[in-house]
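Everything on this sheet refers to the single structure shown next.
Number of protein chains: 2
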Amino acid sequence: MSSTREKILDLAEHYIQHDGYNGFSYHDISTSLGIRNAAVHYYFPKKEKLAREVLKKARIQFEVMVESARENDKTQLDRLHRFFRIYDNNLSRDNRVCLIGSMATDLYTLPEELNDELSTLVVNMKSWLSEVLETGRKKGEFHFTGAPGHRAGILCSCMAGALQLARILGNEEYYRIKSQLLKDITQ
Amino acid sequence: MSSTREKILDLAEHYIQHDGYNGFSYHDISTSLGIRNAAVHYYFPKKEKLAREVLKKARIQFEVMVESARENDKTQLDRLHRFFRIYDNNLSRDNRVCLIGSMATDLYTLPEELNDELSTLVVNMKSWLSEVLETGRKKGEFHFTGAPGHRAGILCSCMAGALQLARILGNEEYYRIKSQLLKDITQ
DNA sequence: GTCTATATTCCGATAGAC
DNA sequence: GTCTATCGGAATATAGAC
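If you read the sequences in order, they're chains X and V.
Residue numbers for the first sequence follow this note's numbering, so the first one is 9 and each next one is one higher.
Residue numbers for the second sequence follow this note's numbering, so the first one is 9 and each next one is one higher.
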């Protein structure tokens with residue numbers, strides 16, 4: 009069980025969300041880790057494989073979060089806060105943009121091999137959030153008009169954009185957007 | 009008055025919004041234009057100067073739009089539609105992401121020289137939109153809660169994210185998000 | 001598993017001819 | 001203003017020793 013492999017994956021995730029897929033290199037990862045270029049290639053021969061594994065790991069991590077929400081959360085508001093926490097964590101870790109926003113921006117320069125994993129991640133997130141919103145509205149926790157799927161689309165795109173705006177306007181902008189979105193749904 | 013220079017600027021804008029700052033090269037521009045690498049460097053010796061000029065041109069173009077809105081638009085809803093049209097145009101031109109979203113995602117790999125121009129563009133857009141929203145609410149055209157600045161932040165970040173999501177989920181997702189945002193404000 | 005060493009390609013950038 | 005030619009460097013990737 010190699011921990012180097014896991015460290016590489018974590019670093020790759022960091023760099024993708026901090027600098028973009030085309031903004032980092034194997035050299036960045038190897039020097040951060042204190043090993044050599046070739047050692048990184050031992051674990052991930054191609055950069056696209058590395059990125060694919062990052063996406064896969066994020067998808068599984070999201071599935072774990074969903075399962076944990078299913079077991080522990082009593083309200084849909086708890087679940088909505090889990091959704092927001094994903095973005096909070098990105099902001100607090102070096103002002104990362106979200107993985108989806110980063111990959112989407114570079115999408116047309118990426119090997120098509122990455123499309124499946126990326127779209128699965130997005131579809132899973134959006135449909136889970138749609139269910140949370142729909143159930144929450146039925147139970148009177150949330151108040152909003154329109155289809156839950158539309159509202160989920162707004163939340164996903166708005167939070168992705170909020171992390172990007174935060175880099176330019178400051179982190180306060182992110183918190184303003186987040187709290188306004190929350191008020192829109194809960195009031 | 010060189011039209012080659014203008015063509016280069018337009019191509020650079022296209023590539024930044026299609027492939028990201030780190031996803032295109034002088035070679036891409038020169039071959040698209042049917043000239044040589046060195047000719048592009050004649051107009052823009054450094055890539056960062058090229059990107060800066062793209063941002064400056066976008067800022068001026070936005071100022072022209074604001075002035076046109078001031079002269080011609082009778083309602084704030086007309087102005088809001090102008091705002092949305094910016095993103096519509098990006099979507100219809102090769103599924104571009106917006107200039108701000110693209111540059112923000114690559115921000116930490118860019119020369120700091122670009123920060124000023126980028127933040128000016130964002131501040132100008134957001135403050136203009138805030139005014140439109142505030143005036144529209146006073147006149148009864150719009151209905152929303154919270155500060156106009158917060159609502160403007162939501163609109164900017166949401167539309168940026170919507171162009172990114174559209175690349176993954178299809179253009180229909182963009183239109184769903186846009187029309188829901190519009191309903192939220194006008195109903 | 002990690003290393004040295006290197007092949008290959010691409011990129012930003014410049015010199016100098018036309 | 002555009003060209004040819006080229007430099008220096010960085011990136012992805014691989015071969016083969018340890």
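Don't be surprised by glycine CBs; every beta carbon is placed ideally from N, CA and C.
The Cβ atoms of E121 (chain V) and E61 (chain V) do not sit closer than 8 Å to each other.
For H151 (chain X) against I193 (chain X), the beta-carbon gap comes to about 7 Å, under 8 Å, which counts as contact.
Taken in chain order, the complete alpha helix (DSSP H) segments of 4 residues or longer contained in the segment 30–88 of chain X are 34–41, 45–51 and 55–80. As the crow flies, the alpha-carbon of Y51 (chain V) is around 13 Å from that of L19 (chain V).
About 6 Å separates the Cβ atoms of L171 (chain V) and L99 (chain V), confirming a contact at the 8 Å cut-off. Counting along the chain, Y182 (chain X) sits inside the alpha helix (DSSP H) bounded by residues N179 to T194.
Taking each of V:N179, V:V140, V:I176 and V:G28 in turn and checking the Cα distance to A160 (chain V), the smallest one comes out for V:V140. Between T113 (chain V) and the set X:F32, X:L63 and X:K146, the nearest pair of CA atoms involves X:F32. Counting only runs of 4 or more residues that sit fully inside the segment 119–160 of chain V, the alpha helix (DSSP H) segments are 123–146, in chain order.
Taking Y182 (chain V) as the centre and dropping the five residues before and after it, the same chain places the C-beta of L99, A170 and A174 closer than 6 Å to its C-beta, in chain order. By the Cβ test, the segment 21–37 of chain V is not in contact with the segment 38–53 of chain X, since fewer than three Cβ pairs between them sit closer than 8 Å. Chain-ordered, the chain X residues with CB closer than 9 Å to the CB of Q188 (chain V) read T153, G154, A155, H158, R159, G161 and I162. The Cβ neighbour count for G42 (chain V), taken over all protein chains shown within 10 Å, is under 16; the residue is labelled exposed. Rounded to whole angstroms, the separation of the alpha carbons of E75 (chain V) and N179 (chain X) is 31 Å.
Residue environment for Q195 (chain V): exposed (fewer than 16 other C-beta atoms within 10 angstroms of its C-beta). Sequence-distant Cβ neighbours of T12 (chain X) in its own chain, meaning closer than 8 Å and more than five residues away, are L41, I43, A47 and Y51.
Residues of the segment 16–30 of chain X with a C-beta atom less than 8 Å from some C-beta of chain V are H26, D27, G28 and N30, listed in chain order.
Only residues of its own chain outside the window of five on either side were considered, and among them Y29, E56, A59 and M111 have a CB closer than 8 Å to the CB of L118 (chain X), listed in chain order. Between L107 (chain X) and I24 (chain X), the C-beta spacing is below 8 Å. Around the Cβ of G148 (chain V), a 10 Å sphere holds fewer than 16 other Cβ atoms; the residue is exposed. Nearest in C-alpha terms to K134 (chain V), of all of X:I176, X:K134, X:R101 and X:G154, is X:I176. Cβ-Cβ distances below 8 Å link A66 (chain V) to E21, L107 and L129 in the same chain, with the five nearest sequence neighbours on each side left out; the list follows chain order. Residues of chain X whose Cβ lies closer than 8 Å to the Cβ of I185 (chain V) are, in chain order, H158, G161, I162 and S165. Shown here, S165 (chain V) sits in a helix according to DSSP, grouped into three states. With contacts defined as CB atoms closer than 8 Å, Y116 (chain V) and M167 (chain V) fail to qualify as a contacting pair. Residues of chain X whose Cβ lies closer than 9 Å to the Cβ of Y51 (chain V) do not exist, since the nearest Cβ in that chain is about 24 Å away. DSSP, reduced to helix, strand and coil, places D18 (chain V) within a helical segment of the structure shown. Between S100 (chain V) and chain X, the shortest Cβ-Cβ separation is not below 8 Å. At least 8 Å separates the CB of G144 (chain X) from every CB of chain V. DSSP places D114 (chain V) inside the alpha helix (DSSP H), whose first and last residues are L107 to D114.
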